[in-house]
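Before any comments, here is the structure.
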Amino acid sequence: MQWCPRCHGVLLTPVDEHRHVPPERRGFRWTARTPGKRARVTADAEARSSSPPRYREIPRWGLVDPVAPAPGTQRDRVAELAARTPALLACAAVLYVVAAIAEFVRYGILVRNRSVLIDPTVLAVSDAAVAVSQVAALLVAVGAAAAAIAWLVRMRRRVYGDENEDDPRSTREIVLGCALPIVNLVMPAIYLLEVVRRDPWLRKAILAVWSLWVIDVVFVVAATAWRTRDSLQAMADGVALSGVVALVAATVATGVLVIVRRFEGRTASGRPRTLARWVVSSDAARDRTDEVAAA
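For the sequence shown, UniProt numbering assigns the number 1 to the initial residue and increments by one for each residue that follows.
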């Protein structure tokens with residue numbers, strides 16, 4: 001018996017209502033049609049029914065079946081930013097050293113210009129070196145600060161996770177504490193000291209570096225106020241003070257780099273840090289025992 005109105009193919013007997021038959025074993029298929037309309041099969045449709053279906057364009061219908069990405073393939077931008085922290089800190093330290101050299105050279109030119117006329121080309125090159133080095137150092141320092149904040153968040157999560165605990169401070173609290181002016185003079189050091197575990201050297205290094213950070217901010221304020229004076233000597237002193245600020249900033253960047261490396265179990269150069277193990281000499285212990293016995 002021909003059941004299919006399109007291909008007139010012989011279909012299997014409809015399934016029994018009282019027992020379950022899998023869809024792949026059924027000999028019919030349900031088709032949804034508009035109520036009140038009868039299906040009209042034309043000769044062209046019958047001719048096309050024997051050929052494979054094809055489309056003039058990619059069909060847009062169908063169910064959405066998103067493919068879940070494989071584990072580990074999703075990019076963690078915070079982790080990528082945190083991984084760049086050592087490189088950005090080292091680059092910022094180098095640029096601030098270059099900026100300090102440019103400032104001191106400029107100060108020397110100003111002192112020399114009091115008795116000898118300086119070629120305008122030399123002055124232009126000096127001004128350009130100061131401007132480029134200071135701007136480049138500032139931009140890299142901002143990037144290094146953002147990377148250091150990301151590193152701090154991940155490091156705290158890792159330390160507390162190793163102890164099967166949750167970080168008591170939220171990510172928003174850490175970011176605001178490190179980014180807000182005046183507040184960031186104290187809070188970053190507190191965030192680091194909270195996760196220091198049995199490392200007195202690291203605790204002292206954190207306190208020393210953040211003391212330099214506060215001193216550098218004071219120097220920045222002083223240099224900005226000093227430049228408002230109109231005398232030539234005040235302007236020259238402002239140049240020298242800017243050089244000192246750049247040197248202190250380079251020292252702070254280097255200190256933060258050392259702290260980051262220390263938390264990661266590495267030396268300042270990035271090599272794995274080896275722990276020194278002290279072993280008691282048996283000969284020394286024997287000699288000490290003999291001395292006690294002789295006494």
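Quick reminder that beta carbons are idealized off the backbone N, C-alpha and C, glycines included.
Assuming A82 contacts W151 under a Cβ cut-off of 8 angstroms, what Cβ separation, rounded to an integer in Å, is found between them?
The residue given as residue 82 occupies position 82 in the sequence shown. The residue given as residue 151 occupies position 151 in the sequence shown. Correct: roughly 4 angstroms between the Cβ atoms.
Taking C-beta to C-beta, are F219 and V248 nearer than 8 angstroms?
Within the sequence shown, numbered from 1, the residue matching residue 219 stands at position 219. Within the sequence shown, numbered from 1, the residue matching residue 248 stands at position 248. Contact flag set, yes.
Is the stretch 107 to 121 in contact with the stretch 263 to 272, if contact means three or more CB pairs nearer than 8 angstroms?
no
Is DSSP giving R112 helix, strand or coil here?
Walking along the sequence shown from the start, residue 112 turns up at place 112. Helix.
Compute every distance between the C-beta of A150 and the non-hydrogen atoms of the ligand ADP, then say whether any falls below 7 angstroms.
Absent from the structure shown: the ligand ADP. Ligands present: none.
Cβ pair count under 8 angstroms reaching 3, the stretch 219 to 229 against the stretch 154 to 163
no
Endpoints, the alpha helix (DSSP H) within which Y160 is located
Residue mapping note: residue 160 aligns to position 160 of the sequence shown, counting from 1. Its alpha helix (DSSP H) spans residues P120 to D162.
Determine the direct distance from the alpha carbon of A68 to that of L202, and round the result to whole angstroms.
Residue 202 sits at position 202 when you count from the first residue of the sequence shown. Residue 68 sits at position 68 when you count from the first residue of the sequence shown. CA-CA distance, L202 to A68, rounds to 43 angstroms.
Relative to the C-alpha of V175, which residue among I58, R19, E24 and V78 is closest?
In the sequence shown, the residue the question calls residue 175 occupies position 175. The candidate whose alpha carbon is nearest that of V175 is V78.
Return yes when the Cβ of L212 is within less than 8 angstroms of the Cβ of G255, no when it is not.
Translated into positions along the sequence shown, residue 255 becomes position 255. Translated into positions along the sequence shown, residue 212 becomes position 212. Cβ distance < 8 angstroms, so G255 and L212 count as in contact.
Report the partner residues of R266 according to the DSSP bridge assignment.
Along the sequence shown, one-based indexing puts residue 266 at 266. DSSP lists P272 as partners of R266.
L180: first and last residue of the uninterrupted alpha helix (DSSP H) it sits in:
Here residue 180 corresponds to residue number 180 of the sequence shown, with the count starting at 1. Element bounds for L180: n/a, residue is neither H nor E.
Just to confirm, is the Cβ distance from C178 to I215 under 8 angstroms?
To locate residue 178, count along the sequence shown from 1; it is residue 178. To locate residue 215, count along the sequence shown from 1; it is residue 215. No; because the gap between Cβ atoms is not below 8 angstroms, this pair is not in contact.
Once DSSP output is grouped into helix, strand and coil, what is the label at E173?
Numbered from its first residue, the sequence shown carries residue 173 at position 173. If DSSP states are grouped into helix, strand and coil, E173 belongs with the helices.
How many angstroms separate the CA atom of V183 from the CA atom of V217?
Numbered from 1 along the sequence shown, position 183 holds the residue referred to as residue 183. Numbered from 1 along the sequence shown, position 217 holds the residue referred to as residue 217. Their backbone Cα atoms lie some 12 angstroms apart in a straight line.
Report, in whole angstroms, the separation of the C-beta atoms of V132 and A250, which I expect to be a contact under 8 angstroms.
Against the sequence shown, residue 132 aligns to sequence position 132. Against the sequence shown, residue 250 aligns to sequence position 250. That pair is no contact at about 16 angstroms.
Among the residues of its own chain, which have a CB less than 6 angstroms from the CB of T171, if the five just before and after it don't count?
Position 171 of the sequence shown, counted from the first residue, corresponds to residue 171. Answer for T171: V153, listed in chain order.
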